[in-house]
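Just so you know, the protein sequences line up as chains A and B, in that order. Using my numbering, the letters of the first sequence map in sequence onto residues 1 to 296. Using my numbering, the letters of the second sequence map in sequence onto residues 1 to 367. Right, one structure below, let's go through it.
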Amino acid sequence: MSAAEIAQQIINALSLGSMYALLALGLALVFGVMGLVNFAYGELVTITGYTMYLLTLNGVSWGIAVCAGIVFATIASLLMERFAFRPLRNASFLTLLFSSFALSVIIQNVFRAAVSPRTKGIEGPSLFIKAIHVGPLSISWLSIVTIAVGVTCLLGLLIFMRTSLAGIGMRAAAENFSVARLMGVKANRVIALAFVISGLLAGIAGVLWVSRSGSVDPGMGFTPILKAFIATVIGGLGSLPGAVLGGFILAAAEVFFIAVLPTSVAPFSDPFALLLVIVILYFKPNGLLAPVAERA
Amino acid sequence: MNRLRRSLYARNVASTSGLLIGVLAIVAVVGALSAGTGSSLTLIIPNFFITVIIVIALQMFTGNSGVVSWGHSAFVGIGAYVTAWLTVPSVIKSDVFRTMPSWLLNAEWSFIPTIIVATLAGTLAAALIGIVLCRMKETAMAMSTLALLVIAHGVYANWFGMTRGAQGVYGLPQNTTLWGAFGFACLAVIVGVTFRDSRVGLRLQASREDPLAAEATGVSVVRARYIAWVASAALAALCGSVWAQFNLAFDPSQFYYTQVFAVLSMLVIGGMATMSGAIIGAGVVTVLSQILYNIEGGSLFGIDVPRISGLQQMILAIVTLLILIYRRNGILSWWELDEWVRKGKKRLFPGSRPPGARPMGDDKEGG
Numbered sequence: 001m002s003a004a005e006i007a008q009q010i011i012n013a014l015s016l017g018s019m020y021a022l023l024a025l026g027l028a029l030v031f032g033v034m035g036l037v038n039f040a041y042g043e044l045v046t047i048t049g050y051t052m053y054l055l056t057l058n059g060v061s062w063g064i065a066v067c068a069g070i071v072f073a074t075i076a077s078l079l080m081e082r083f084a085f086r087p088l089r090n091a092s093f094l095t096l097l098f099s100s101f102a103l104s105v106i107i108q109n110v111f112r113a114a115v116s117p118r119t120k121g122i123e124g125p126s127l128f129i130k131a132i133h134v135g136p137l138s139i140s141w142l143s144i145v146t147i148a149v150g151v152t153c154l155l156g157l158l159i160f161m162r163t164s165l166a167g168i169g170m171r172a173a174a175e176n177f178s179v180a181r182l183m184g185v186k187a188n189r190v191i192a193l194a195f196v197i198s199g200l201l202a203g204i205a206g207v208l209w210v211s212r213s214g215s216v217d218p219g220m221g222f223t224p225i226l227k228a229f230i231a232t233v234i235g236g237l238g239s240l241p242g243a244v245l246g247g248f249i250l251a252a253a254e255v256f257f258i259a260v261l262p263t264s265v266a267p268f269s270d271p272f273a274l275l276l277v278i279v280i281l282y283f284k285p286n287g288l289l290a291p292v293a294e295r296a
Numbered sequence: 001m002n003r004l005r006r007s008l009y010a011r012n013v014a015s016t017s018g019l020l021i022g023v024l025a026i027v028a029v030v031g032a033l034s035a036g037t038g039s040s041l042t043l044i045i046p047n048f049f050i051t052v053i054i055v056i057a058l059q060m061f062t063g064n065s066g067v068v069s070w071g072h073s074a075f076v077g078i079g080a081y082v083t084a085w086l087t088v089p090s091v092i093k094s095d096v097f098r099t100m101p102s103w104l105l106n107a108e109w110s111f112i113p114t115i116i117v118a119t120l121a122g123t124l125a126a127a128l129i130g131i132v133l134c135r136m137k138e139t140a141m142a143m144s145t146l147a148l149l150v151i152a153h154g155v156y157a158n159w160f161g162m163t164r165g166a167q168g169v170y171g172l173p174q175n176t177t178l179w180g181a182f183g184f185a186c187l188a189v190i191v192g193v194t195f196r197d198s199r200v201g202l203r204l205q206a207s208r209e210d211p212l213a214a215e216a217t218g219v220s221v222v223r224a225r226y227i228a229w230v231a232s233a234a235l236a237a238l239c240g241s242v243w244a245q246f247n248l249a250f251d252p253s254q255f256y257y258t259q260v261f262a263v264l265s266m267l268v269i270g271g272m273a274t275m276s277g278a279i280i281g282a283g284v285v286t287v288l289s290q291i292l293y294n295i296e297g298g299s300l301f302g303i304d305v306p307r308i309s310g311l312q313q314m315i316l317a318i319v320t321l322l323i324l325i326y327r328r329n330g331i332l333s334w335w336e337l338d339e340w341v342r343k344g345k346k347r348l349f350p351g352s353r354p355p356g357a358r359p360m361g362d363d364k365e366g367g
């Protein structure tokens with residue numbers, strides 16, 4: 001493989017990784033504050049996708065549809081917290097997981113019944129399909145936008161979590177919820193905030209996801225949640241830097257296997273990437289950057 | 001320990017499995033009576049028994065250990081594909097399986113040997129994967145079972161020469177009868193109830209309540225989980241084999257997360273701590289699905305209803321969510337059916353025999 005090809009694959013991995021990192025962060029944030037692996041998180045991507053689909057279908061410009069998609073995902077995330085997860089506060093990991101799984105099935109089928117069970121195409125701006133050529137490399141605008149958006153969001157979140165009072169409160173809550181409450185962090189507020197940021201991240205990642213796939217369907221949320229779940233577990237559940245790292249590792253593994261596997265076994269690239277993940281977890285059962293303290 | 005266990009549980013194993021098998025037998029008789037009437041019960045009831053097997057398989061692992069597994073559909077798939085390899089008539093085989101080795105092309109096995117081999121195949125796979133999976137933390141293990149599901153689905157959908165990919169397999173002989181399905185469901189009940197009250201089962205339940213405390217009292221959580229994992233995967237593969245010989249054709253999408261959700265919701269609705277809960281859950285979901293299926297199909301008891309796609313799954317998910325919010329431990333919560341009967345008797349006739357032992361870590365009153 002030539003140097004140019006390797007550079008090309010690295011760019012692919014970075015672009016895919018930024019998307020996975022955003023998705024994983026949203027999942028990790030909510031897990032941090034309430035111990036919930038939110039399976040319905042993937043449906044936020046679906047909500048973004050369908051908002052964009054329905055709006056662009058009715059002649060709304062793409063830019064406005066994107067903003068609306070992100071806003072709707074955020075609102076949906078907040079509503080989920082209020083109506084499905086607040087009654088389950090302090091429930092066991094298993095109960096929370098099942099209820100989010102049930103919620104995800106409900107949302108999927110709302111779209112199946114209300115819109116259509118079939119896949120629908122959605123057109124992004126024509127710029128995304130074009131590519132720029134740097135020497136032997138050809139980089140699509142979509143990858144550039146994805147990486148730029150990913151880096152901006154990560155930096156923005158980093159600054160927010162490090163400097164703002166709410167961000168520090170959230171980090172404290174993720175570390176030890178009861179002690180954080182004793183220090184004056186409001187439980188309802190910090191959890192709601194985590195869901196808002198999580199929805200925002202899912203919305204942004206959702207826009208990138210839909211631009212990449214070019215279509216929406218009711219079951220589309222499964223792949224993003226799967227990737228996010230895997231990324232957070234590789235990184236160590238509850239660790240935010242871990243989630244980002246996990247996202248990039250997963251993306252790198254996928255791109256690597258697609259690039260090196262011969263065409264006869266190419267369809268098995270995803271299974272290979274997942275096997276690699278299981279191997280990582282075998283050696284680091286708690287993930288790469290697991291929080292030191294044991295969660296009670 | 002042994003004596004204590006016997007006095008607490010020996011009676012329960014017999015009475016629980018006896019009562020549950022009795023209930024299943026009544027259902028089987030209804031099924032037998034409906035044969036030849038053209039009623040849809042002739043399909044629904046054997047399918048219910050097959051569902052009971054997979055729900056019990058999942059209960060054995062997830063119910064006792066508290067670790068969720070999404071991966072059991074993968075083992076159902078192994079059971080089903082091995083069954084197809086062994087039973088599909090040679091004439092059809094050369095058409096369906098392009099790269100099948102010739103010694104397998106001529107295999108046309110009968111019902112029981114096929115099930116034994118299919119179960120062994122699933123057991124072997126689970127034994128290998130379990131070495132890696134069972135030493136992970138609960139959350140990592142849950143994720144890895146999900147990864148396992150996706151890996152297995154990827155293999156079934158892409159190993160074209162041996163699975164015919166997404167198009168699926170057809171041509172299996174109909175070897176599973178109503179009574180065959182009933183027999184294996186009874187076997188699953190006995191295995192499940194015995195396992196629950198066995199030494200390993202009790203240790204596993206202790207680890208479900210508090211893994212650290214269980215470790216501290218000398219329970220090897222990894223070992224207990226491993227045994228349960230392999231045993232429940234064996235039952236799942238058996239279920240796949242029985243199912244494949246009833247359904248006669250299948251494709252990879254039938255071993256994916258929609259099915260996993262259906263089985264998990266049965267466990268949640270009935271109550272995953274008990275065997276009776278698993279079976280009641282399977283029953284409730286089967287009945288509910290059938291009613292909803294008719295609505296989805298456009299008519300309910302002869303009344304026309306507008307067609308809504310996905311309604312069946314949606315209602316099922318809503319019921320599951322409501323159960324989780326308002327009755328977290330499922331309909332039966334911590335007690336087996338026979339214990340409920342005895343509780344009821346005690347309420348009606350005070351002074352009769354007290355209810356049987358409650359499972360460990362029971363800190364909530366049911367009801």
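The beta-carbon is built from N, C-alpha and C at its ideal position, and this holds for glycine as well. It should be emphasised that the depicted structure is a prediction, and the values quoted were computed from it without experimental measurement.
| task | Check the Cβ of B/G59 against every Cβ in chain A and list those closer than 9 Å, keeping chain order. | result | A small fix is needed here, since residue 59 of chain B is Gln in this sequence, not Gly. Result: empty, since nearest Cβ-Cβ is about 13 Å, beyond 9 Å.
| field | Separation of B/P252 from A/A65, as counted between CA atoms | value | Near 36 Å, if we compare the C-alpha coordinates of B/P252 and A/A65.
| said: Using a Cβ-Cβ distance cut-off of 9 Å, determine whether B/R358 contacts chain A. | reply: Per-residue confidence for B/R358 stands at a pLDDT of 46, beneath the threshold of 50, marking its modelled position as unreliable; the derived number appears in the next sentence. Taking CB atoms only, B/R358 has no neighbour in chain A less than 9 Å away.
| request: Determine the direct distance from the alpha carbon of A/L96 to that of A/W209, and round the result to whole angstroms. | output: Straight through space, the alpha carbons of A/L96 and A/W209 are spaced by roughly 26 Å.
| message | Please tell me whether B/A249 and B/V191 are closer than 9 Å, where the distance is taken between their beta carbons. | response | Cβ atoms of B/A249 and B/V191: not closer than 9 Å.
| request: Spell out whether any CB of chain B is found under 9 Å from the CB atom of A/Y20. | output: Cβ-Cβ to chain B under 9 Å: no for A/Y20.
| message | Measuring alpha carbon to alpha carbon, tell me which residue in B/L20, B/Y256, B/I325 is nearest B/A166. | response | Selected option, being the one with the closest Cα: B/Y256.
| query | In chain A, what lies closer than 8 Å to B/A273 by C-beta? | reply | In chain order: nothing, as chain A lies at least about 11 Å away.
| request: Could you say which of A/A259, A/I10, A/T163, A/A166 lies nearest to A/S143 if we only look at CA atoms? | output: Of the listed residues, the one whose Cα sits closest to A/S143 is A/I10.
| said: My assumption, with CB atoms under 8 Å, is that A/S269 sits in contact with A/I280. Please give the rounded CB distance. | reply: Contact between A/S269 and A/I280 is ruled out by a C-beta separation of about 17 Å, above the 8 Å threshold.
| request: Starting from the C-beta of B/V285, find all residues in its chain whose C-beta is less than 6 Å away, skip the five residues before and the five after it, and write them out in chain order. | output: M266.
| field | Euclidean distance between Cα positions of A/L27 and A/L158 | value | Distance between the alpha carbons of A/L27 and A/L158: 16 Å.
| query | If you check the beta carbons only, do B/G180 and B/V242 fall under 9 Å apart? | reply | With respect to the 9 Å criterion, B/G180 and B/V242 are classified as neighbours on the basis of their beta carbons.
| said: Using a 10 Å radius around the Cβ and a threshold of 16 neighbouring Cβ atoms, would you call A/K130 buried or exposed? | reply: If you draw a 10 Å sphere on the C-beta of A/K130, you find fewer than 16 other C-beta atoms in it, and that means exposed.
| said: Buried or exposed for B/H153, going by 16 or more other Cβ atoms inside 10 Å? | reply: So B/H153 counts as buried.
| Residue environment, A/I6, which counts as buried when at least 16 other CB atoms sit within 10 Å | By the C-beta density criterion, A/I6 is exposed, having fewer than 16 other C-beta atoms within 10 angstroms.
| Using a C-beta cutoff of 9 Å, does B/G18 count as contacting chain A? | No, B/G18 lies away from the interface with chain A (no Cβ there is under 9 Å from its Cβ).
| Can you give the Cα-Cα distance for A/V145 and A/L22, rounded to whole angstroms? | Their backbone Cα atoms lie some 14 Å apart in a straight line.
| message | Using 8 Å as the cut-off, can you tell me whether the segment 98-109 of chain B makes contact with the segment 222-235 of chain B, which would need three or more C-beta pairs spanning the two stretches below that distance? | response | In short, these stretches do not touch, since the Cβ pair count stays below three.
| For the candidate residues B/N64, B/I45, B/M162, whose alpha-carbon lies nearest to that of B/G271? | Nearest C-alpha to B/G271: B/N64.
| request: With A/A131 as the anchor, note down where its alpha helix (DSSP H) starts and where it stops. | output: Annotation for A/A131: no alpha helix (DSSP H) segment contains it, though the beta strand (DSSP E) segment containing it runs 131-134.
| Does the beta carbon of B/R196 come closer than 9 Å to any beta carbon on chain A? | Chain A, which has no Cβ nearer than 9 Å to the Cβ of B/R196, makes this no.
| said: To be precise: take each residue of the segment 237-255 of chain B, compare its Cβ to all Cβ atoms of chain A, and keep it if any distance is under 9 Å. Which residues remain? | reply: Taking 9 Å as the Cβ-Cβ cut-off against chain A, none of the residues of the segment 237-255 of chain B qualify.
| task | Determine the direct distance from the alpha carbon of A/A253 to that of A/F98, and round the result to whole angstroms. | result | Counting only the Cα atoms, A/A253 lies some 29 Å from A/F98.
| Between A/G214 and A/G124, which are expected to be in contact by the criterion C-beta below 8 Å, what is the C-beta distance as a whole number of angstroms? | Indeed they touch by this definition, with Cβ atoms about 7 Å apart.
| task | Return helix, strand or coil for B/I269, following the three-state DSSP convention. | result | DSSP places B/I269 in the helix class (H, G or I) of the three-state scheme.
| query | Can you check whether the CB of B/W335 is closer than 9 Å to the CB of B/S276? | reply | Going by C-beta atoms, B/S276 is nearer than 9 Å to B/W335.
| From which residue to which residue does the alpha helix (DSSP H) around A/I204 run? | From DSSP, the alpha helix (DSSP H) with A/I204 extends over 187-213.
| A/G242 to A/V71 span [Cα, whole Å] | Near 27 Å, if we compare the C-alpha coordinates of A/V71 and A/G242.
| Under 7 Å by beta carbon: chain A residues contacting B/M143 | Simply F229, I230, V233.
| said: Considering only DSSP beta bridges, list what A/V216 is partnered with. | reply: Note: A/V216 sits in a beta bridge opposite A/K120.
| request: Count the CB pairs spanning the segment 182-191 of chain B and the segment 43-60 of chain B that are closer than 8 Å, and state whether there are at least three. | output: As far as the Cβ criterion goes, the segment 182-191 of chain B touches the segment 43-60 of chain B, which means the pair count is three or higher.
| Closer than 7 Å, Cβ to any Cβ of chain A: which residues of the segment 147-165 of chain B, in chain order? | Against chain A - using a Cβ distance shorter than 7 Å - the residues of the segment 147-165 of chain B are A147, V150, I151, G154, V155, N158.
| request: May I have a chain-ordered list of the alpha helix (DSSP H) segments no shorter than 4 residues that lie completely inside the segment 230-276 of chain A? | output: Fully enclosed alpha helix (DSSP H) runs of 4 or longer: 240-260.
| message | Quick check: the segment 50-58 of chain A against the segment 228-238 of chain A, are at least 3 beta-carbon pairs closer than 8 Å? | response | With the cut-off at 8 Å, the segment 228-238 of chain A and the segment 50-58 of chain A do not touch.
| query | Start and end of the beta strand (DSSP E) containing A/I139? | reply | Residues 137-140.
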